[in-house]
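In the numbering used here, the protein residues as written are 903 to 1317.
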């Protein structure tokens, strides 16, 4: 290959990488934007108690989806999704996953919601599983810009439903909010399925499924992905139990101010996993320094966004809550720290997943979570008014986890 031709080919590859990464981030901005609007609507119109109920259910939904999509979606991305036996196992996962997530949310919601609210929450869970399954096909294809446009349509349907509810008059209820979410997810899933290539939707049936192959890869990855949302859900239960609904609402409103930073991190995470897996398949395995480079860039971007949120805490919190409850700047700073630690370790976690080292990552994350929740429980037991410390406690051990993960990845670098 001539030097000029090689340079041109390299520029094309870099352009494609940049475009793919940009699409992944835009996708997450669309999702996080819609999520932020929903949670802001809940904070503004449901009051402290209604908002606290919403964030508890939303936390359970996020946990269920994290477990499911890491089982289904990461297996779809890393394994051969066109193998009929793998496809059969994934189809089983879709059916069972929808039933399990919906049932678990219903059981959890039944503790503090009424019957209609519980039924609506369970419907959201089933619709979200369906939509997430379609979304992960886009991710496996690295078709992030198409995914972004599809997510935008789903978000628009949800917001249009909320607008219609507002025009009909009356105070917004939790049931109505859940119904709007379900309608949006179903609309996005249907549109997304219609836009997929035919081979991506080929039905293999559920017989002769390679369940062990999928489970061997996906089980530890799924558990690993569930650690962080599980710790967030338990922390919410602890804050709500010790400090009450108003305390929980304040801590969660502070977290919402960091939503853009979390969006940057999550969008890049989808990109890193797809890219690392693709390089493994093409015979150009990534090295640990690639993950460290990504961690530095991503961490720096998150610090910049988080610093802006901390500086604008007062006006943003007034806009978000309408003065219904207070947002502590210490909690906002804590969530900025939490988000930075999360972002800095995400590329390394993605590389470990691409190398099928999910079991090791799960062990590290489980230890980190146990320490953080243990410290939080002790702090709240001593001082129930210290709910603002929740993000600091959850960040404990994150730096050490990142260093251990980096050392582990270095030992596995190709020679």
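Ideal Cβ placement from N, Cα and C applies to all residues, glycine included.
On a predicted model such as this, the values are computed, not experimentally measured, just so you know.
- In the displayed model, residue 964 falls within a helix according to three-state DSSP.
- From the listed residues 1236, 1311, 1048 and 1185, the smallest Cα separation to residue 1289 is found for 1236.
- Its chain contains 1275 as the residues whose beta carbon lies nearer than 6 Å to that of residue 1136, once the 5 sequence neighbours on both sides are disregarded; these appear in chain order.
- For residue 1052, the enclosing alpha helix (DSSP H) has its first and last residue at 1046-1069.
- The residues 977 and 991, in chain order, have a CB closer than 6 Å to that of residue 1116 in the same chain once the five nearest residues on each side in sequence are set aside.
- For residue 1132, the enclosing alpha helix (DSSP H) covers residues 1113-1145.
- A direct Cα-to-Cα measurement between residue 1068 and residue 1177 gives close to 43 Å.
- Comparing alpha carbon positions, the residue from 1023, 1041 and 1146 closest to residue 1287 is 1146.
- Sorting 1246, 1260, 932 and 1285 by C-alpha distance to the C-alpha of residue 1305 places 1246 at the top.
- The DSSP-derived three-state label of residue 1108 is coil.
- By the C-beta density criterion, residue 954 is buried, having at least 16 other C-beta atoms within 10 angstroms.
- The shortest C-alpha to C-alpha distance from residue 1159 to any of 1231, 933, 1085 and 1264 is the one to 1231.
- In this structure residue 1050 touches residue 928 by the C-beta definition: roughly 5 Å separates them, less than 8 Å.
- Assigned with DSSP and collapsed to three states, residue 1298 falls in coil, not helix or strand.
- Taken through DSSP and simplified to helix, strand or coil, residue 976 comes out as helix.
- Our two residues, residue 1109 and residue 1211, have alpha carbons roughly 51 Å apart in a direct line.
- In the three-state reduction of the DSSP assignment, residue 1176 falls in the helix class, which pools H, G and I.
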